[in-house]
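Trainee:
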Amino acid sequence: MQLGLLPFPLEDLMFPGEQRDVFLFEDRFLECLERDRVVGGLLLGDSGEVSDIGILLQVDEIRTDSLSVWARLTCVGRCELSHVRRTESRYAIARATLYTDSDAETVEVAEEDLRRIHAITAAQRRELLELLSSGVEELDDVPVAAGLIHVGADKADAPFGAYVTELDEELAFEHEEDDDYEDDLLAAECIFVGHSWDRPQQFGTCFYHCRDHGELDDEESGLDLDELLATRKEALWRAVTMRDGQESRAPTASAAAAATAGAAGVTAGAAVAPSVLGQLWDEPDEGRAARTLLSFAAAATLGPLERLEALLMTDASSRLQFALEKLSEQQETLASMLVLVKKEAARSGRF
220 MQLGLLPFPL EDLMFPGEQR DVFLFEDRFL ECLERDRVVG GLLLGDSGEV
270 SDIGILLQVD EIRTDSLSVW ARLTCVGRCE LSHVRRTESR YAIARATLYT
320 DSDAETVEVA EEDLRRIHAI TAAQRRELLE LLSSGVEELD DVPVAAGLIH
370 VGADKADAPF GAYVTELDEE LAFEHEEDDD YEDDLLAAEC IFVGHSWDRP
420 QQFGTCFYHC RDHGELDDEE SGLDLDELLA TRKEALWRAV TMRDGQESRA
470 PTASAAAAAT AGAAGVTAGA AVAPSVLGQL WDEPDEGRAA RTLLSFAAAA
520 TLGPLERLEA LLMTDASSRL QFALEKLSEQ QETLASMLVL VKKEAARSGR
570 F
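With the working numbering applied, the sequence shown corresponds to residues 220 to 570, in that order.
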């Protein structure tokens, strides 16, 4: 199957069941969205390198104005991309083949352990957000030095950035360019809550969750695993039960998945069958499909580079084990950060 492609930085990739609102400022991308209601996400590295694995995106809604195009996208799966080329309209297209988990279960993962660790880290994130935002009516009105602390743009593999202490705040936030600046920043205690902002030199966007660089106040940051699963199931169910008016304009996500997988028996008319995941991913084993979705939900709140690693994995058990290990690391990190924040709160009475 041929798909039009939208470019996505690697740190902005989406997992199945995740939704994203995007703004596009080029006419060629509007043409891409209007070509089909299923498009591909072409994942690009910092140096422009292209990943062979992309994401399948259903276009749920489009709005245009004089300046831009707004679209709501739902990720409905993964795909392997080949023969990428540009059309006369200057957007890229590629041949797409459904990319799914294998039958193999390479490791055994105790789901109860994963759920326990996930629940602990979610509670820690909620507590940290509450401590940092306590007494703050509008985060935009709070001076940076009051406790909203930056994270370096080079920390894409760390969900909370670097976190050591002893930073001169005036140097960090009001500096002029000098040779010693980077060394001083290595001593930063980096906890961030609120909105993103630009920083001189290499310091800019911080990372916690790829959809919202505002970090801890991301809407899914403190959700429990079952809540994350519920939002993804709902999004995927909507993706295969689009209204007739939308279905008549282009294939549904299930039709796209069937085409890419060569599953001729799965059509738009079958979109309301009970096994939604089976249709989307050409997976006859409903239990295995559900385990795949669980593994992506468990990895949702990892750092961007960890999310990329999870996306490329080819079996759910490896992804679940990976999520368990990384969430355990987060638990230790969050515990240390909470100690620091509580100590500062007790010292200054600021929060």
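The beta carbon of each residue, even a glycine, is placed where N, CA and C say it ideally should be.
The structure presented is a predicted model; accordingly, all values stated were derived computationally and were not measured.
Are the beta-carbon atoms belonging to Pro235 and Phe541 less than 8 Å from one another?
Mentor: No; because the gap between Cβ atoms is not below 8 Å, this pair is not in contact.
Trainee: Count Cβ pairs between the segment 322 to 337 and the segment 274 to 286 that sit closer than 8 Å; are there 3 or more?
Mentor: The segment 322 to 337 is not in contact with the segment 274 to 286.
Trainee: Find out if the Cβ-Cβ distance for the pair Leu232, Ala311 is shorter than 8 Å.
Mentor: No.
Trainee: Should Phe163 go down as buried or exposed, given a rule of 16 or more other Cβ atoms within 10 Å for buried?
Mentor: Because the chain in this structure spans residues 220 to 570, residue 163 falls outside the shown range and cannot be described.
Trainee: Could you check where the alpha helix (DSSP H) with Gly506 kicks off and where it finishes?
Mentor: Glu505 to Ala517 is the extent of the alpha helix (DSSP H) around Gly506.
Trainee: Three-state secondary structure (DSSP) at Gly264?
Mentor: It is coil, neither helix nor strand.
Trainee: State the DSSP-derived secondary structure class of Arg314, mapped to helix, strand or coil.
Mentor: In this structure, Arg314 counts as strand in the three-state DSSP scheme.
Trainee: Spatial neighbours of Arg247 within its chain, please: CB distance less than 7 Å, with the 5 preceding and 5 following residues excluded, ordered by chain position.
Mentor: So the list reads Ser308, Arg309 and Tyr310, once near-sequence residues are dropped.
Trainee: How close, in whole Å, do the beta carbons of Leu553 and Arg344 come, if the pair is a contact with beta carbons under 8 Å?
Mentor: Contact holds; Cβ gap of about 7 Å.
Trainee: Measuring CB to CB, does Met623 end up less than 8 Å from Arg538?
Mentor: Residue 623 cannot be examined here, being either before or after the span of the chain that is shown, 220 to 570.
Trainee: Should Leu559 be labelled buried (16 or more other beta-carbon atoms within 10 Å of its own) or exposed?
Mentor: Counting Cβ neighbours within 10 Å, Leu559 comes out exposed, since fewer than 16 surround it.
Trainee: What do you reckon, are the CB atoms on Leu292 and Arg239 nearer than 8 Å?
Mentor: Their beta carbons are under 8 Å apart, which means Leu292 touches Arg239 by this criterion.
Trainee: In chain order, what residues of the same chain have a beta carbon less than 8 Å from the beta carbon of Phe244, not counting five sequence neighbours either side?
Mentor: Counting only Cβ-Cβ distances below 8 Å, and skipping sequence neighbours, we find Leu286, Ser287 and Val288.
Trainee: Which partner residues does Ile336 have in the DSSP bridge list?
Mentor: DSSP lists no partner for Ile336.
Trainee: What did DSSP end up calling Arg304 once you bin it into helix, strand or coil?
Mentor: The answer is strand: DSSP assigns Arg304 an E or B state.
Trainee: Taking only heavy atoms of the ligand MG into account, decide whether any of them is closer than 7 Å to the Cβ of Leu448.
Mentor: Ligands are entirely absent from the displayed structure, and the ligand MG is therefore not among its contents.
Trainee: Looking only at its chain, what residues have a beta carbon closer than 7 Å to the beta carbon of Glu401, apart from the 5 residues adjacent to it on each side?
Mentor: Confidence is the limiting factor: at Glu401 the pLDDT is only 45, short of 50, which leaves the residue's position unreliable and the question unanswerable from this model.
Trainee: Going by C-alpha distance, which of Lys545, Glu230 and Ala509 is nearest Glu535?
Mentor: Correcting the residue identity first, residue 535 is Ala in this sequence and not Glu. Closest by alpha carbon: Ala509.
Trainee: Just the Cα atoms here: how many angstroms apart are Met556 and Thr340?
Mentor: Those two C-alpha atoms are separated by around 12 Å.
Trainee: Suppose you measure from the CA of Ala482 to the CA of Arg305; what does that come to, to the nearest Å?
Mentor: Because Ala482 sits at a pLDDT of 29, beneath the cut-off of 50, its placement in the model cannot be relied upon, and the following sentence gives the value as read from the coordinates. Distance between the alpha carbons of Ala482 and Arg305 is about 27 Å.
Trainee: What does the alpha-carbon distance come out to for the pair Thr479 and Asp271?
Mentor: The pLDDT assigned to Thr479 is 38, lower than 50, so where the model puts this residue is not dependable, and the model offers no usable value.
Trainee: By a C-beta neighbour count over all protein chains shown, 10 Å radius and 16 as the cutoff for buried, is Glu237 buried or exposed?
Mentor: Buried, because 16 or more other Cβ atoms sit within 10 Å of the Cβ of Glu237.
Trainee: Please report the residue range of the beta strand (DSSP E) in which Val495 lies.
Mentor: Segment Val495 to Trp500 is the alpha helix (DSSP H) holding Val495; no beta strand (DSSP E) there.
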